[in-house]
Amino acid sequence: MKQEGNLRSYVIGFVLSIVLTLAAYALVVNHLFSLQLALSIIAGLAIVQFMVQMLFFLHLGHEAHPRWKLVVAVFMVIVVVILVFGSLWIMNNLNYRMSPTDMNNYLRGQDGI
Amino acid sequence: MSETELALEHQRADEKTVFGFWVYIMTDCVLFASLFATFAVLRGNTYGGPDGRELFSMPFVLAETLILLTSSFTAGLAMLAAHAGKRKSVLVWFALTFLLGVAFLSMELTEFAHLAAEGNSWQRSGFLSSFFTLVATHGLHITTGLLWMVVLMWQVAQKGLVNPAVRRLTLLSLFWHFLDIVWIFIFTIVYLWGAM
Numbered sequence: 187m188k189q190e191g192n193l194r195s196y197v198i199g200f201v202l203s204i205v206l207t208l209a210a211y212a213l214v215v216n217h218l219f220s221l222q223l224a225l226s227i228i229a230g231l232a233i234v235q236f237m238v239q240m241l242f243f244l245h246l247g248h249e250a251h252p253r254w255k256l257v258v259a260v261f262m263v264i265v266v267v268i269l270v271f272g273s274l275w276i277m278n279n280l281n282y283r284m285s286p287t288d289m290n291n292y293l294r295g296q297d298g299i
Numbered sequence: 008m009s010e011t012e013l014a015l016e017h018q019r020a021d022e023k024t025v026f027g028f029w030v031y032i033m034t035d036c037v038l039f040a041s042l043f044a045t046f047a048v049l050r051g052n053t054y055g056g057p058d059g060r061e062l063f064s065m066p067f068v069l070a071e072t073l074i075l076l077t078s079s080f081t082a083g084l085a086m087l088a089a090h091a092g093k094r095k096s097v098l099v100w101f102a103l104t105f106l107l108g109v110a111f112l113s114m115e116l117t118e119f120a121h122l123a124a125e126g127n128s129w130q131r132s133g134f135l136s137s138f139f140t141l142v143a144t145h146g147l148h149i150t151t152g153l154l155w156m157v158v159l160m161w162q163v164a165q166k167g168l169v170n171p172a173v174r175r176l177t178l179l180s181l182f183w184h185f186l187d188i189v190w191i192f193i194f195t196i197v198y199l200w201g202a203m
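Residue numbers (my numbering), protein chains in the order written: chain A, 187 to 299; chain B, 8 to 203.
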């Protein structure tokens with residue numbers, strides 16, 4: 187049965203995960219890039235490693251049709267993205283509106299004030 | 008029902024159990040997502056206290072990460088041995104996974120004890136409250152996984168690789184891989200982002 191995976195898939199997953207972890211670590215510890223760029227790169231590396239482990243450790247790609255596991259996993263990712271980025275968006279916006287300096291700057295920028 | 012039909016019926020039941028457990032794991036991801044969201048919102052709220060850059064020892068965290076990653080790999084090897092029907096290798100690989108898990112957990116508790124001893128417990132700031140909640144929830148899952156592993160190793164040692172045990176091992180290995188996946192994000196969001 188393919189779903190159980192084989193030695194090769196575990197070894198590939200393990201090696202790729204180590205490389206991705208060390209790359210992200212080296213990048214941060216040596217301050218290789220500007221903050222914004224470094225943040226984007228480590229986020230990208232984490233997402234790649236997430237996919238590597240889903241494929242090679244959890245064998246998500248080897249499911250027989252209909253792919254219910256994949257459906258549930260995609261739904262999970264959608265909920266997680268909405269939850270995390272939605273919270274950050276709302277809280278930053280709230281922060282902005284409740285800060286007197288930012289609000290005054292915003293009001294001054296409006297026509298007629 | 009003939010022998011083969013019966014075997015097929017059992018296999019279908021096993022697949023259903025594994026799928027049900029998969030749904031649980033995906034739901035657990037949503038629990039972690041809410042804790043990650045809380046952490047991301049509160050990470051700047053240090054209330055005049057120390058932030059991640061001052062608190063986290065990066066080589067220590069890297070070691071923790073590699074230990075957990077290796078344990079996820081050895082859990083995979085244990086499952087390969089289980090499907091090949093090699094009882095002794097199953098026990099050896101799971102024992103190794105267990106030891107690596109214990110090493111990871113002791114490092115995490117050492118870090119917590121260290122933080123608390125310096126007055127930087129969860130009561131210090133919003134940042135630390137959300138840090139402890141997120142990381143300790145993961146640690147609690149690891150603890151549960153370790154207890155489960157002991158019970159299953161005992162079952163395999165007693166009864167051999169017969170069906171309820173092998174099915175449970177499959178679920179445990181899914182759980183263990185999932186915990187390593189959550190840790191990727193803790194490593195990136197809490198520690199790497201915190202060290203910048």
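Using N, Cα and C, we set each Cβ at its ideal position, and we do this for glycine too.
Straight-line gap, residue i to residue j (C-alpha atoms, nearest Å)
i: GLY55 (chain B); j: LYS23 (chain B); result: 52 Å
i: GLU25 (chain B); j: PRO57 (chain B); result: Looking at the sequence provided, one finds Val at residue 25 (chain B) rather than Glu. Cα to Cα, the separation comes out at about 44 Å.
i: LEU231 (chain A); j: LEU241 (chain A); result: 15 Å
i: ALA102 (chain B); j: LEU15 (chain B); result: 31 Å
i: ILE252 (chain A); j: VAL258 (chain A); result: It should be noted that the sequence gives Pro, not Ile, for residue 252 (chain A). Looking at the two C-alpha atoms, the distance is approximately 12 Å.
i: ALA88 (chain B); j: SER41 (chain B); result: 36 Å
i: TRP200 (chain B); j: SER220 (chain A); result: 13 Å
Exposure of residue i, with buried meaning 16 or more beta-carbon neighbours within 10 Å
i: ILE228 (chain A); result: buried
i: LEU116 (chain B); result: exposed
i: ALA212 (chain A); result: exposed
i: VAL128 (chain A); result: Nothing can be reported for residue 128 (chain A): it is not among the residues displayed for chain A, which extend from 187 to 299.
Proximity test, Cβ basis, 8 Å: residue i and chain A
i: ASP187 (chain B); result: yes
i: THR104 (chain B); result: no
i: VAL109 (chain B); result: no
i: ALA124 (chain B); result: no
i: SER128 (chain B); result: no
i: MET114 (chain B); result: no
i: MET156 (chain B); result: no
i: ALA14 (chain B); result: no
Residue of the options minimising C-alpha distance to residue i
i: VAL142 (chain B); options: B:GLN162, B:GLU118, B:TRP161; result: B:GLU118
i: GLU61 (chain B); options: B:ASN127, B:ALA47, B:VAL189, B:ILE188; result: B:ASN127
i: SER273 (chain A); options: B:VAL48, B:VAL163, B:TRP183; result: B:VAL48
i: GLY152 (chain B); options: B:PHE185, B:ALA120, B:ASN170; result: B:PHE185
i: ILE32 (chain B); options: B:ILE193, B:LEU181, B:ILE191; result: B:LEU181
Any chain B beta carbon closer than 8 Å to residue i
i: SER203 (chain A); result: yes
i: GLN296 (chain A); result: no
Problem set entry | Touch test, the segment 144–152 of chain B against the segment 61–73 of chain B, Cβ-Cβ under 8 Å, three pairs minimum | no
Exercise. Taking contact to mean at least 3 C-beta pairs separated by less than 8 Å, is the segment 277–288 of chain A in contact with the segment 245–264 of chain A?
Worked result: no
Problem set entry | the segment 79–91 of chain B / the segment 194–204 of chain A touching (three or more Cβ pairs under 8 Å) | yes
For this session: Tell me, please, whether the segment 82–99 of chain B touches the segment 157–175 of chain B by the rule of three or more beta-carbon pairs shorter than 8 Å.
Result: yes
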